[in-house]
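J.:
There are 2 protein chains.
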Amino acid sequence: MELRKPKLEDVAKLAGVSRTTVSRVLNNRGYIGDKTREKVYQAMETLDYHPNEIARSLFINKTNIIGLIFPTTNNPFYAQMIYHLENNFEALGYKVLLCNSGGRVDKERAYLDMLQRHQVDGIVAGAHNRGIEIYEKTKLPIVSIDRYLAPHVPVVSSDNYAGGILATSLLLDKGCQHIIHINGPIDLETPANLRRKAYEDIMKKNGLPYLTYEISETTIRDLFDQNPHVEGIFASDDLIATQVLTEARKRGYRVPEDLKVIGYDGADMTCILRPELTTIQQPIDAMAELSVQLLIDQIEQRTDQITLHNSLSVKLIEGQTT
Amino acid sequence: MELRKPKLEDVAKLAGVSRTTVSRVLNNRGYIGDKTREKVYQAMETLDYHPNEIARSLFINKTNIIGLIFPTTNNPFYAQMIYHLENNFEALGYKVLLCNSGGRVDKERAYLDMLQRHQVDGIVAGAHNRGIEIYEKTKLPIVSIDRYLAPHVPVVSSDNYAGGILATSLLLDKGCQHIIHINGPIDLETPANLRRKAYEDIMKKNGLPYLTYEISETTIRDLFDQNPHVEGIFASDDLIATQVLTEARKRGYRVPEDLKVIGYDGADMTCILRPELTTIQQPIDAMAELSVQLLIDQIEQRTDQITLHNSLSVKLIEGQTT
DNA sequence: TCCTATTTTGGAAACGATTCCATTTTAATA
DNA sequence: TATTAAAATGGAATCGTTTCCAAAATAGGA
């Protein structure tokens, strides 16, 4: 009863030709007689034949699959990045295998291993764990988003330092003196570290005290408890900035009169859900596009075209929180 | 110079055993002598051998890959759904191929075809296009999120009708008489239609006029232009609700005094970014988990365990917009 | 009509794993 | 020690394609 999926050989048999001929029709390669081609198409139609891409991949030694490793899709920045990566790859005939590392080193390692076994043609790595040595030794085409992986792996990022300067300067220009920065977890090798450096550099340059909190469950409450007179907060991403806003309103601060807040990322969803938030917007779409380009260049051996460090510029989006 | 990836045969040769033996070590199957196993592990180590999953898949006729078809990852609801789907599948040893249909029928068709060619073990379909006949004829295990696909395809959804009742009732209870509903695009076969039906039913039952707008570029402005005295708005998702809030504030409405707004979905990101929004929360995590369960049941032929219609209950999250 | 170049086709060997079956080696029991 | 069962190993076929090579058919020109 359980009838097998039709294979190329079944098509060949029904059309009365050889496997070779069917393969030629399928791939439009070499010489093919018109009536033969027609017969083959007919046979495919009647059998509802779908070529087995796995068998094909095995032979041609290419899968047209790209691995995407990110901490999570459940975050406006990554969600948008992944969306555009998928779109761009799809347009070029590549499929994407999605891996959520969840910020865990062991998961990232396991995924990396899995992707290699699955013979992916390349990887876009956007997770931020430290100390994964596989990146060093693999010969696989890789592009990294916002993290140094190995000497030969190109990195795509936005200009985090400039973004940090932009954000801090804005708060200073608006008259803030007492400015605090909130950073993501520092054990992750995130680009946020550059944003922080910019903040600290410019505060130093202006002779002002600087203070950086590392985000945790209680960070935001602690910050307000310990610094009731804070005038400006630069959060290293929009989610943190939003939580700051929420807490500030709960405590009766008027924003932007008493307190100014600026975030970072400026993903589409954030801009819709929090249009009033001032933020530094990363060019997510352009970053995705460039990453795809760089990966394809590696896959197709155009290694000469590849610049190792690619930094795209950010943009200030002024809302009503500054 | 360009040295080939080591294959099973290379390992066998180096270890001085047969391919069969190496395969046995690899899969922990059958009898294996201890010293032999050790030799094989050694050889794998020195060669940095990674088994070729493609070749394996071809033989065992299983890929352990699941196709995910959704309109986009760049939306809090889908982003969270995809995140949990991926996590649950990963825990069971499955990988996911991500497909963004972008709401286009032709893309969904193309993806479906691609997934079949790639021999995926199953599909979770969360896109909402009409008239895709492939779902009717394919023998592939499928689970649909929130859409009827074919008689034999199980559907996972939340109780949209109850959600619509809940939302509309709340507005009524809070004293609204003039309540308007905003729906997504009606040419998509979305569950929003049930939410709308609930809204219209209950308004009728209360002898009140009802009015549904279909979302477009200008819908929200039109709505306010044409109904300046609107007291309550029930939006079919949180993004629309947020845009309503933004426009309302721009026009000077006080929320919730002059106007009450309720959304739908209640995704984690939305709750962080818009904590004040009242919404109907779908049990996204549970929906994902159940979908995975239903798909695996099909893949492993436990067809008796499968209920065709699975509706999970929703929850009212009261914020400050009502 | 014959010869050569082009077009059209098919046979068989890959691709890198797994598994069936058979064979050899080792261990256990009488 | 002989006998038998269990443990350990290997050979060859297979999964569904593609491609190399050779052969057959057709067409074109002298």
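Going line by line, the protein sequences match chains A and C. Position one of the first sequence corresponds to residue 8 (my numbering), numbered consecutively onward. Position one of the second sequence corresponds to residue 8 (my numbering), numbered consecutively onward. Backbone N, C-alpha and C define an ideal beta-carbon position, used for all residues, glycine too.
Just to check my reading of the structure: ALA86/C and ALA248/A have Cβ atoms closer than 8 Å, yes? What is that Cβ distance to the nearest angstrom?
T.: Contact flag wrong, Cβ pair sits at about 19 Å.
J.: According to DSSP, THR219/A sits in a beta bridge with which residue or residues?
T.: HIS188/A, per the DSSP bridge assignment.
J.: Of the residues LEU54/A, THR175/A and SER318/A, which one's Cα is nearest the Cα of GLU20/A?
T.: Checking the sequence, you will find Lys at residue 20/A rather than Glu. Answer by Cα proximity: LEU54/A.
J.: What residue does the alpha helix (DSSP H) around ALA242/A start on, and which one ends it?
T.: Run containing ALA242/A: none in the alpha helix (DSSP H); it sits in the beta strand (DSSP E), 239-242.
J.: Quick check on this structure: which residue in TYR101/C, PRO235/C, ARG116/C and SER151/C has the alpha carbon closest to the alpha carbon of VAL162/C?
T.: The residue with the shortest Cα to Cα distance from VAL162/C is SER151/C.
J.: Does any CB atom of chain A fall closer than 8 Å to the CB of LYS102/C?
T.: So, interface residue.
J.: Could you tell me the alpha carbon to alpha carbon distance between ALA132/A and THR43/A, rounded to whole angstroms?
T.: Between ALA132/A and THR43/A, the C-alpha separation is close to 46 Å.
J.: Confirm, please, whether the CB-CB distance from THR286/C to GLY270/C is below 8 Å.
T.: Yes.
J.: Please report how far the alpha carbon of MET8/C lies from the alpha carbon of VAL299/A, in whole angstroms.
T.: Note on MET8/C: pLDDT 41, under 50, position unreliable in the model; the coordinate value appears next. Roughly 28 Å between the two C-alpha positions.
J.: Have a look at LEU201/C and HIS135/C and give me their C-alpha separation to the nearest angstrom.
T.: Taking the straight line from one Cα to the other gives about 14 Å.
J.: When you measure from the CB of VAL160/C to every non-hydrogen atom of the ligand SAH, does any distance come out below 7 Å?
T.: Here there are no bound small molecules, and the ligand SAH is not part of this structure.
J.: Suppose you measure from the CA of THR310/A to the CA of LYS212/A; what does that come to, to the nearest Å?
T.: Cα to Cα, the separation comes out at about 41 Å.
J.: Can you find a C-beta in chain C that's less than 8 Å from the C-beta of ARG124/A?
T.: Yes, ARG124/A lies at the interface with chain C (some Cβ there is under 8 Å from its Cβ).
J.: Below 8 Å between beta carbons: does that hold for SER64/C and ILE61/A?
T.: Taking 8 Å as the Cβ cut-off, SER64/C and ILE61/A qualify as a contacting pair.
J.: Using 8 Å as the limit for Cβ to Cβ distance, is HIS159/A near chain C?
T.: Not an interface residue.
J.: Mapping DSSP to helix, strand and coil, what is HIS91/A?
T.: If DSSP states are grouped into helix, strand and coil, HIS91/A belongs with the helices.
J.: Measure the C-alpha to C-alpha separation of TYR142/C and TYR155/C and round it to an integer number of angstroms.
T.: Going from the Cα of TYR142/C to the Cα of TYR155/C covers about 10 Å.
J.: Chain A partners of ASN107/C, CB-CB under 8 Å?
T.: Within chain A, the residues near ASN107/C are TYR90, GLU93, ASN94 and GLU97.
J.: Of the residues GLU307/A, GLN289/A and ASP304/A, which one's Cα is nearest the Cα of SER318/A?
T.: Nearest of GLU307/A, GLN289/A and ASP304/A to SER318/A, Cα basis: GLN289/A.
J.: Could you spell out the range, first to last residue, of the beta strand (DSSP E) harbouring TYR38/C?
T.: Counting along the chain, TYR38/C falls outside any beta strand (DSSP E), and DSSP gives it neither H nor E.
J.: For chain A, is any of its Cβ atoms less than 8 Å away from the one on SER223/C?
T.: With 8 Å as the cut-off, SER223/C does not count as an interface residue toward chain A.
J.: For a cutoff of 8 Å on Cβ pairs, would you count ARG203/C as touching chain A?
T.: Chain A contact via Cβ: absent.
J.: Report the residue from ASP244/A, ILE172/A and ILE193/A whose alpha carbon sits nearest the alpha carbon of ILE209/A.
T.: Looking at the Cα atoms, ILE172/A is the closest of the given residues.
J.: Compute the distance between the beta-carbons of ALA169/A and SER320/A, then report whether it is under 8 Å.
T.: For ALA169/A and SER320/A, yes; Cβs fall inside 8 Å.
J.: In chain order, what residues of the stretch 269-297 of chain A put their CB closer than 7 Å to some CB of chain C?
T.: Listed in sequence order: ASP275, MET276, THR277, ILE279, LEU280, ARG281 and PRO282.
J.: Quick check on the burial criterion: 16 or more other C-beta atoms within 10 angstroms. Buried or exposed for LEU315/C?
T.: Classification for LEU315/C: exposed.
J.: Check the Cβ-Cβ distances between HIS57/C and every residue of chain A, and say whether any is below 8 Å.
T.: Output row for HIS57/C: interface = yes.
J.: Closer than 7 Å by beta-carbon distance: list the chain A residues that pair up with ALA169/C, in chain order.
T.: By Cβ distance, chain A contributes nothing, its closest Cβ being about 25 Å from ALA169/C, past 7 Å.
J.: So which residues of chain C does ASN136/A contact, with C-beta pairs closer than 9 Å?
T.: By Cβ distance, chain C contributes nothing, its closest Cβ being about 16 Å from ASN136/A, past 9 Å.
J.: Could you tell me the distance, in whole angstroms, from the CA atom of PHE96/C to the CA atom of LEU215/A?
T.: Approximately 51 Å, taken between the alpha carbons.
J.: Under 8 Å Cβ-Cβ, which residues of chain C neighbour ILE61/A?
T.: What ILE61/A touches in chain C: ILE61, SER64, LEU65, THR70, HIS125 and GLN126.
J.: Whose C-beta lies closer than 8 Å to the C-beta of SER25/C among residues of the same chain, with five residues either side of it excluded?
T.: If we look at SER25/C and ignore the five residues flanking it on each side, its Cβ neighbours are ALA19.
J.: Run through DSSP, which three-state label would GLN327/C get?
T.: GLN327/C: coil per DSSP, three-state reduction.
J.: In angstroms with no decimal places, state the Cα-to-Cα distance between LEU230/C and ILE324/C.
T.: Spanning the two alpha carbons is a distance of roughly 25 Å.
J.: Exposed or buried, ASP232/A, counting other C-beta atoms within 10 Å across all chains shown (16 or more means buried)?
T.: By the neighbour-count rule (16 or more Cβ atoms within 10 Å), ASP232/A is not buried but exposed.
J.: Beta carbon of GLU207/C, beta carbon of LEU105/A: below 8 Å?
T.: For GLU207/C and LEU105/A, no; Cβs fall outside 8 Å.
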